[in-house]
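See below for the structure under consideration.
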Amino acid sequence: MASGDRAATVAFVRRYQRRVFGLAVSIVNDRAAAEDVAQEAMVRAWRHAAVFDVRRGSVERWVLTITRNLSIDTLRRRRSISTDPMSFVDVAAAATDATLDERVEHGDRRAAAIAALRTLPEEQRRAVVLATLHGRTALEVSEIEQIPLGTSKTRIRTGLMRLRAELDTERIT
Amino acid sequence: VTISDDFHTDDERRRDLLIGEALGILDGRDRAAVLAHVAHCDRCAEELSGFVATADDVISAVPGAEPSVGFESAVMARIESESRTRRRSRPTAAVLSVAAVVIALALGVGVLIGQLASPPEPKVAIPAKMVEAPLIEGGHAVGAVYASSGSPGWLVVTVEAKDPAVTVHCLLRTADSTKWLGTFTLGPPVASWSVPLPVPLASVRGVTLTLEGGAVLATTKSLAAGPTYGA
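Chains as they are written, first to last, in our numbering: chain A, 970 to 1142; chain B, 516 to 746.
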């Protein structure tokens, strides 16, 4: 690897490593396993950089999607129980609560997503986070939450549609 | 009844399928049906994009966390090791193009790949067609392959996972050749993998999955002989 390429790759790793590791540890709930996932995600992003398609969104979202999928694979291989699906919302909200509204007003997408998640009834929020972040199917959510499959589907659907409406409003204003 | 007609008869199920696709939690058959449908339905394609964006927003909302001190070195060691292997086995130009893209990524600049400069082709409401065939390993069905028409058409492979995970190559058999479509990792509990179909659906004969070294893991009979959905 030439020195210029190395510098660019180091910059890439430094730019995304906190986000990638944060997502991995939120999903697999184990620092050592999350480091393995995060390393693999960074290497895969580098390996497949040539086929990254800008139409699919930002680089950060692409790298985070790779991380999310690898984290879910790890959870399924280990058959382990993940972290409480609500915990990241609480942690993120606690860290930003004082300035959340202000950040949303300034167009901070991350803050807007946290704020939108907090508008959902708790049972919908849990279902949405389990499905979105942890890759749980509606059937798995119904088993985890001990609710009928139809209720699980409704919570995921209604929650995600409400979130979408909230975030679309943010995009417009 | 075509896939498109069927899709719009039950609005809750339609939304559940679009959400499932956006979250990556559908099984192979539903996934193939959604991909076949949105290739021809602007309304559902737009709705799917909205759900994908919302899911991305949730994922992006997770706060960052500091990995251990040796993280960066460990990642760089792996990348440099792989880079050396690539240089030995590939032309220099290929390595340089990857490096250029990494530079662009590091700078936060999107990379224009493919046909972004061309306007998307207008979608017309023609019905999609999907064919299905079981994947056979040792005389037993271990999964299924779904292929749909469209621009592009899609091929979705769903197969019982191996534990520990194995690397699998997907080969597409057509009337006059066998094409390598891609490589994926088959891990528990069930693996689903999809890829745009590089040839017209009518020319697809079947799919073969091979392991590293070339041994056949599973294969389909003719897709044309299996169930067909849509027009």
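All residues carry an ideal CB built from backbone N, CA and C; glycine is no exception.
From a predicted model like this one, the values you see are computed outputs, not experimental measurements.
Checklist entry - Cβ of B/Glu-581 less than 8 angstroms from any chain A Cβ? => result At least one CB atom of chain A sits nearer than 8 angstroms to the CB of B/Glu-581.
Item to check | Runs of alpha helix (DSSP H) wholly within the region 673 to 715 of chain B (minimum 4 residues, chain order) | outcome: none
Next on the checklist: So, with DSSP's three-state summary, where would you put B/Gly-579?
Outcome noted: coil
Next on the checklist: I need the DSSP call for B/Lys-736, collapsed to helix, strand or coil.
Outcome noted: coil
Item to check | Listed by chain order, chain B residues near A/Ile-1113 by CB distance under 8 angstroms | outcome: Neighbours of A/Ile-1113 on chain B: none; closest Cβ ~13 angstroms, over 8 angstroms.
Checklist entry - Is the Cβ of A/Glu-1004 closer than 8 angstroms to any Cβ of chain B? => result yes
Item to check | Buried versus exposed, by CB contacts within 10 Å (16 or more), B/Arg-599 | outcome: exposed
Item to check | Proximal residues of chain A, C-beta to C-beta of B/Glu-597 below 9 angstroms | outcome: Those within 9 angstroms of B/Glu-597 in chain A are Val-1012, Trp-1015, Arg-1016.
Checklist entry - Closer than 8 angstroms, CB to CB, is B/Ala-576 near chain A or not? => result yes
Item to check | Bridge partners - B/Ile-651, DSSP secondary structure assignment | outcome: B/Ala-656, B/Thr-734
Next on the checklist: With three or more beta-carbon pairs closer than 8 angstroms as the criterion, would you say the region 522 to 532 of chain B touches the region 650 to 666 of chain B?
Outcome noted: Contact annotation: the region 522 to 532 of chain B does not touch the region 650 to 666 of chain B, with fewer than three C-beta pairs closer than 8 angstroms.
Next on the checklist: Please give me, in chain order, every unbroken run of the beta strand (DSSP E) with length at least 3 that falls completely inside the region 1095 to 1121 of chain A.
Outcome noted: none
Checklist entry - Are A/Ala-1096 and A/Gly-1128 closer than 8 angstroms when you measure CB to CB? => result yes
Next on the checklist: Suppose the cutoff is 6 angstroms on Cβ atoms and the five residues either side in sequence are ignored; what does the same chain contact list for A/Asn-1038 look like?
Outcome noted: none
Checklist entry - By the 10 Å Cβ neighbour count, where 16 or more other Cβ atoms means buried, how is A/Thr-1088 classified, buried or exposed? => result exposed
Item to check | Runs of alpha helix (DSSP H) lying entirely within the region 525 to 580 of chain B, each at least 4 residues, in chain order | outcome: 526 to 538, 543 to 553, 557 to 575
Item to check | Whole-angstrom distance between B/Val-584 and B/Ser-596, CA atom to CA atom | outcome: 20 angstroms
Item to check | Residue from B/Ala-730, B/Val-671, B/Ile-534, B/Leu-538 with nearest C-alpha to B/Leu-696 | outcome: B/Val-671
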